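There are 2 protein chains.
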Amino acid sequence: MQKKKVSLKDIAKKVGVSIATVSYVLSKDKESKVSLAVAARVKKAAKELNYQPNQIAKSLKSGKTFTIGLILADISNPFFAHIARIIEDEASKKGYTVIFGSSDEKAEKSWDLIQFLINRQVDGFIIAPTEGSQEQIKYLKNQNIPFVLIDRCFPELVTNYVIIDNFKAAFEAVDRLVKTANKKIGVIAYSTTLHHMKERIHGYYEAMHKNGLEVKKEWVKEIDFFDIKEGIKTAIDEMLMNKNPVKAILFTTNSLAIHGLKYLDELNYRVPQNISIVSFDEGEAFDFYYCPLTHIKQPLLEIGRTAVKILIEQISDPSLEEQQILMNATLIVRKSCDRR
Amino acid sequence: MQKKKVSLKDIAKKVGVSIATVSYVLSKDKESKVSLAVAARVKKAAKELNYQPNQIAKSLKSGKTFTIGLILADISNPFFAHIARIIEDEASKKGYTVIFGSSDEKAEKSWDLIQFLINRQVDGFIIAPTEGSQEQIKYLKNQNIPFVLIDRCFPELVTNYVIIDNFKAAFEAVDRLVKTANKKIGVIAYSTTLHHMKERIHGYYEAMHKNGLEVKKEWVKEIDFFDIKEGIKTAIDEMLMNKNPVKAILFTTNSLAIHGLKYLDELNYRVPQNISIVSFDEGEAFDFYYCPLTHIKQPLLEIGRTAVKILIEQISDPSLEEQQILMNATLIVRKSCDRR
DNA sequence: AATATATGTTTAATCGATTAAACGAAAAAA
DNA sequence: TTTTTTCGTTTAATCGATTAAACATATATT
C-alpha cells in the first residue's frame, strides 16, 4: 500500500490548529491573516512532514488542472516529436503539464482522445487536427473549451491557429526550382482535404502558372496516408514513365520525401543530376543523404511557443478574440535543386 | 466562460431523484439496486444532457487517476519518441493516460518532474532514469509509489525494470566484428556511471578478451552527454591517429553513431572499406547512409508493453514482488561490418 | 466604561462523485 | 392483523483543499 499522503489535516492535527489556518498559511498570499507565530509552526510542520499539496483536490475546487491536452498525428514521427518537446518545455515554464495522444490521422481516434481528455478536465487543447474533425472542433468551440490548432487549420471555422503560410512556402520552393532551370516539375502530396495540403498544392500550381509553365496531369500526385510506400512507387512511376517525365519533384512532407528518395535510389535516379528535389521539413534522415536537400524549414520553436502562449492567454481569459497566426517558412537552398 | 459541465446533480434535478440514485444507476454494476423504471429515466436524462463524469472528482474519491507518469531523457529523440508511442498505445488500451516529461539526462530535472507528477497523483511511473537519480528511485520505493525502470537500471537497487542484456548485445556485436576479420576494434560510449553503458563497454572488453585480443587504451572512448559533437571528433581522431589505429568501431547509441559517421565522412573514411561499424539501435537516419549498418536492435515493442503491464500489475497490487526483465537484443548484420 | 475596530482563528459550505448506513413503503411471513 | 423481509431511495460522510462568513479576543476609540 502506498503510504497515505500528508494532507492539510495531518499538519493541522500536529500543530493543533484548524485546517483552514494551515491552508491560509500555505497559500502564501493570504499569510498576512495568520499570526507569525502560528505561521512559523505550520510551516515547520509542513516541512517536517514533507507536505505536498494534492493537485487533484485543488483542481476539483478550482476547476483548473493546469494541464494541456496535446493531440498529434503520431508522437513517434520526428516532426511531431519535435513540436511536442517544444510545447512540453514551454508549458512547463508556465506551470502546465502536457498530456498527449496520437490520433494516427483518424478522426475517430481524435474524438476519443478529446472526450477522454475533457473528462480528465484539461484546461485546453493544442491540436494538429485530422481530416474530417471539423465537428470536434466546433464542439470544443460550443463548449467554450480553449484550444489552438497547429500545423493545420480549417479556414471555414474561426479558431485560434498557428500555422505556416503553406501556399507561400510551396510557391517559393517551386519558383526556385523553375529558376534553377527546371520546367517539368511534379508534386507529391497526401490525398486529403486538409487545407494545409491543398495550399501546398495550390502554391505549386500558382508558381507554375506565374512562370508560364503548363502542368501535366501526371505531375500532380496525391497519396493515401495509410499506404505511403506503395503510393509513392506508383506516383513516381507515373511521373517518370510518360511522354513528359518530370525533372523535379516537390515533396509536401518529410515522410513523403523519405520514401520518395528511397524509391528514386532504387530506380537509380541521381539527385540532382537526373532529378531535382525540394522537400518540406527537415529530418535526421536527410543528414546522410548523399545530396544535401533543399527544403522548407518551418519555425517549429516559434510555432510551439506561440501556440502555448495563445492557449494560456485564452485559458485565463476565454473572452479574448481568436488569433490566427500565419508564420513564414524558410527555403533552405542546398544542392538538390541545382541542376545547372 | 466554459459552459459549466453537466454533473450528477443536474441529472438528479432533472429526473427528480437524489444524486446517489443517479450515481448508482450510472456506475453500472450497482444497477440492480435501482428500479428499472427510474434507471431508464436516469439513463435517458444522462444521454440527453450528454453527461460526462468528472474524472477529477472520481480521482479524489478513489485515490486513483489512471494516469502514468513517463520520464524520458528527451521525447524528441527518436528512440524515446518511439518508446513513448508504444507506451501510450499500451496504456490507453488499459484505460490509462500518459503524462510525459523530458529529463535531458539531468537528475535535477528528473526530480522536479517526479515531484510534479506525484502532486498530480499519477498512479505510477515509467522511467528511463538519469545518472545519479538513485535517491529519487529510493524515494519512490519508500513512498511505495509503483514504478518501472526502462532502458537503464540500478543494479544496486531492487526495483522493477525492463531492459535488454546490454552486456550480451555488445559482446555479440564485437564478437561478430572479430569474426569478420577485425582485430583492432574501438568502442565509443557516453561518459556516465549508468549501468547500461558500463555493461556495453564491459561486453566489448569481454568479447575482445575471449578472442584473445588486446585492448589499447586509445580504443575505448567515453564522451560527454552534453557535448557529443566535439567529443566524437576528439575520440575518433585519437582512435585513428595513433600507432594502433582501430579498424572497427562499436557505437553504443544511435546518436553517437550518427555523429560518428558524419565525422568519418568528413575524414573520407569509407565504410566498410576503411572501417567497420556496428551501432546500437536503428534510426531513420541510417536509411540513407550509403552502407547498410549492422546494428543491435532492441525489442522496443516488448519493452514498452512489458513495462506497462508490470506497472499496472504493481498498481493493482503493490505487494507484488519486483520484476526484473532482461530481454535479448538482436544483432542485425548488414554490410557495415563486412570487410572480407 | 462602553463601544468600535482590528486581529487571529474556526466553522462550514463547496467542488463532483462514491458508498455505507438510514429510512420508508410495500410485500411476505407470522 | 401484526411482524418481519425485501426493495428502492435518500441522507450524510468522505476524498483534500479553498474561502466566505462567523466568531472570539484583544486593542483602540470615544
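For the record, the sequence lines run as chains A and B. Under our numbering, think of the first position of the first sequence as 1, with each following residue one higher. Under our numbering, think of the first position of the second sequence as 1, with each following residue one higher. Where a beta carbon is used, it is the ideal one built from N, C-alpha and C, also for glycine. Treat the numbers as computed from the prediction; the structure is a model and nothing was measured.
Q. Since Ile-126/B contacts Ile-150/B with CB under 8 Å, what's their CB separation in whole angstroms?
A. Mapped onto the second sequence, residue 126/B falls at position 126. Mapped onto the second sequence, residue 150/B falls at position 150. Right, the Cβ-Cβ distance comes to about 6 Å (below 8 Å), so this counts as a contact.
**Q.** Minimum C-alpha distance to Pro-53/A - residue among Gly-101/A, Ser-32/A, Lys-33/A, Lys-4/A
**A.** For the purposes of this step, residue 53/A is taken as the residue at position 53 of the first sequence. Among Gly-101/A, Ser-32/A, Lys-33/A, Lys-4/A, the Cα nearest to that of Pro-53/A belongs to Lys-4/A.
Q: Measure from the alpha carbon of Phe-79/A to the alpha carbon of each residue in Pro-299/A, Ile-332/A, Gly-16/A, Lys-64/A, then state which is nearest.
A: Numbered from its first residue, the first sequence carries residue 79/A at position 79. It is Pro-299/A whose Cα lies nearest to the Cα of Phe-79/A.
Q | Beta-ladder partner(s) of Lys-221/B, from DSSP | A | Counting from 1 along the second sequence, the entry for residue 221/B is found at position 221. Beta-bridge pairing links Lys-221/B to Ile-188/B.
Q. So, are the CB atoms of Val-333/B and Arg-176/B less than 8 Å apart?
A. Position 333 of the second sequence holds residue 333/B. Position 176 of the second sequence holds residue 176/B. Cβ distance < 8 Å, so Val-333/B and Arg-176/B count as in contact.
Q.
For Asp-237/B and Leu-256/B, I'd like the C-alpha separation in whole angstroms.
A. Taking the second sequence and counting its residues from 1, the one referred to as residue 237/B is at position 237. Taking the second sequence and counting its residues from 1, the one referred to as residue 256/B is at position 256. Going by the C-alpha atoms only, they are around 15 Å apart.
Q: Grab the span of the alpha helix (DSSP H) containing Thr-306/B for me, first residue to last.
A: In the second sequence, counting from the first residue as 1, residue 306/B sits at position 306. Here the alpha helix (DSSP H) through Thr-306/B covers 300-316.
Q. Chain B beta carbons: is any one of them nearer than 8 Å to that of Lys-233/A?
A. Taking the first sequence and counting its residues from 1, one reaches residue 233/A at position 233. Output row for Lys-233/A: interface = no.
Q. Between the C-alpha atoms of Asn-211/A and Val-178/A, what's the straight-line distance to the nearest angstrom?
A. To locate residue 211/A, count along the first sequence from 1; it is residue 211. To locate residue 178/A, count along the first sequence from 1; it is residue 178. Those two C-alpha atoms are separated by around 8 Å.
Q.
Please confirm whether Met-1/B has its beta-carbon closer than 8 Å to some beta-carbon of chain A.
A. As a first step, residue 1/B must be located in the second sequence, where it is residue number 1. Low local confidence applies: a pLDDT of 42 at Met-1/B is under 50, so the model's placement there is unreliable, with the coordinate-based value given in what follows. Answer yes: the Cβ-Cβ gap between Met-1/B and chain A drops below 8 Å somewhere.
Q | Cβ pair Ala-189/B, Thr-234/B closer than 8 Å | A | Against the second sequence, residue 189/B aligns to sequence position 189. Against the second sequence, residue 234/B aligns to sequence position 234. Cβ distance not < 8 Å, so Ala-189/B and Thr-234/B don't count as in contact.
Q | Rounded C-alpha distance that separates Leu-326/B from Glu-172/B | A | Locating residue 326/B in the second sequence gives position 326, where the first residue counts as 1. Locating residue 172/B in the second sequence gives position 172, where the first residue counts as 1. The straight-line gap from Cα to Cα measures roughly 16 Å.
(Q) I want to verify the contact list: residues of chain B whose CB lies under 8 Å from the CB of Gly-132/A, in sequence order. (A) Residue mapping note: residue 132/A aligns to position 132 of the first sequence, counting from 1. Within chain B, no residue comes near Gly-132/A; the closest Cβ sits about 21 Å away, beyond 8 Å.
Q: Rounded to whole angstroms, what's the CA-CA distance from Val-25/B to Tyr-96/B? Just pull it up for me.
A: Here residue 25/B refers to the residue found at position 25 when the second sequence is read from its first residue. Here residue 96/B refers to the residue found at position 96 when the second sequence is read from its first residue. Approximately 24 Å, taken between the alpha carbons.
**Q.** Inter-stretch contact (C-beta, 8 Å, three-pair minimum) for the stretch 33-45 of chain B and the stretch 62-77 of chain B
**A.** no
Q) Whose C-beta lies closer than 7 Å to the C-beta of Ile-315/B among residues of the same chain, with five residues either side of it excluded? A) The residue labelled residue 315/B in the question sits at position 315 within the second sequence. For Ile-315/B, where only same-chain residues beyond five positions count, the Cβ hits under 7 Å are Asp-123, Gly-124, Pro-146.
Q.
Between the alpha carbons of Asn-244/B and Tyr-204/B, how many angstroms are there, rounded?
A. The residue labelled residue 244/B in the question sits at position 244 within the second sequence. The residue labelled residue 204/B in the question sits at position 204 within the second sequence. Answer to the nearest angstrom: the Cα atoms are 18 Å apart.
Q. If you pair each beta-carbon of the stretch 181-188 of chain A with each one of the stretch 151-162 of chain A, do three or more pairs fall below 8 Å?
A. no
Q. When Cβ atoms are compared, which residues of the stretch 256-270 of chain B fall closer than 8 Å to chain A?
A. Ile-258, Leu-261, Lys-262
Q. Three-state secondary structure (DSSP) at Ser-279/A?
A. Against the first sequence, residue 279/A aligns to sequence position 279. Ser-279/A: strand per DSSP, three-state reduction.
Q | Val-25/B: first and last residue of the uninterrupted alpha helix (DSSP H) it sits in | A | On the second sequence, residue 25/B is found 25 positions in, with the first residue counted as 1. Taken as a continuous stretch (DSSP letters only), the alpha helix (DSSP H) holding Val-25/B covers 19-26.
Q. Quick one: Cα of Ile-275/A to Cα of Met-241/A, how far?
A. Here residue 275/A corresponds to residue number 275 of the first sequence, with the count starting at 1. Here residue 241/A corresponds to residue number 241 of the first sequence, with the count starting at 1. Ile-275/A and Met-241/A: Cα-Cα distance of roughly 14 Å.
Q) Can you pull the DSSP bridge partners for Leu-72/A? A) Residue mapping note: residue 72/A aligns to position 72 of the first sequence, counting from 1. Note: Leu-72/A sits in a beta bridge opposite Ser-102/A.
Q | Among Ala-57/A, Lys-28/A, Gly-283/A, the one whose alpha carbon lies nearest that of Lys-374/A | A | The requested residue 374/A is not part of the displayed model; chain A covers only 1 to 340.
Q) Of the residues Lys-216/B, His-259/B, His-209/B, Glu-206/B, which one's Cα is nearest the Cα of Glu-230/B? A) On the second sequence, position 230 is the one that residue 230/B refers to. The shortest C-alpha separation from Glu-230/B is found at His-259/B.
Q. If you drop the 5 nearest sequence neighbours on each side, which residues of the same chain put their C-beta closer than 8 Å to that of Ile-228/A?
A. The residue you call residue 228/A lines up with position 228 of the first sequence. Contacts found: Ser-255, Leu-256, His-259.
Q. How about Ala-81/B and Ser-76/A: are their beta carbons less than 8 Å apart?
A. Taking the second sequence and counting its residues from 1, one reaches residue 81/B at position 81. Taking the first sequence and counting its residues from 1, one reaches residue 76/A at position 76. The answer is yes: Cβ separation under 8 Å.
Q.
List, in chain order, every chain A residue whose beta-carbon is nearer than 8 Å to that of Ile-75/B.
A. Here the question's residue 75/B lines up with position 75 in the second sequence. Within 8 Å Cβ-Cβ: Ile-75, Ala-81, Ala-84, Arg-85, Glu-88.
Q | Burial state of Lys-221/A (16 or more Cβ within 10 Å) | A | Here residue 221/A refers to the residue found at position 221 when the first sequence is read from its first residue. Lys-221/A should be labelled buried.
Q. Quick one: is Asp-338/A near chain B, going by C-beta distance under 8 Å?
A. Indexing the first sequence from 1 puts residue 338/A at position 338. No, its Cβ sits nowhere closer than 8 Å to a Cβ of chain B.
Q.
Which same chain residues end up closer than 6 Å to Thr-294/B when comparing Cβ atoms and leaving out the 5 residues on each side of it in sequence?
A. As a position in the second sequence, residue 294/B is number 294, starting the count at 1. Hits under 6 Å: Val-278, Val-333, Arg-334, Ser-336, Cys-337.
Q.
Considering only DSSP beta bridges, list what Phe-125/A is partnered with.
A. Here residue 125/A is taken as the residue at index 125 of the first sequence, counted from 1. Looking at the DSSP assignment, Phe-125/A forms a beta bridge with Gly-69/A, Phe-147/A.
Q. When the cut-off is 8 Å and only beta carbons count, does Ile-99/B lie next to chain A?
A. Start at 1 with the first residue of the second sequence, and residue 99/B comes out as number 99. True, the Cβ-Cβ gap to chain A drops below 8 Å.
Q) With burial defined as no fewer than 16 other Cβ atoms inside 10 Å of the residue's Cβ, what is the status of Met-1/A: buried or exposed? A) Taking the first sequence and counting its residues from 1, the one referred to as residue 1/A is at position 1. Residue confidence for Met-1/A is low, a pLDDT of 43 falling below 50, so the modelled location carries little weight; the figure read from the coordinates is stated next. Exposed.
**Q.** Bridge partner(s) assigned by DSSP for Gln-324/A
**A.** Here residue 324/A refers to the residue found at position 324 when the first sequence is read from its first residue. Its beta-bridge partners are Tyr-161/A.
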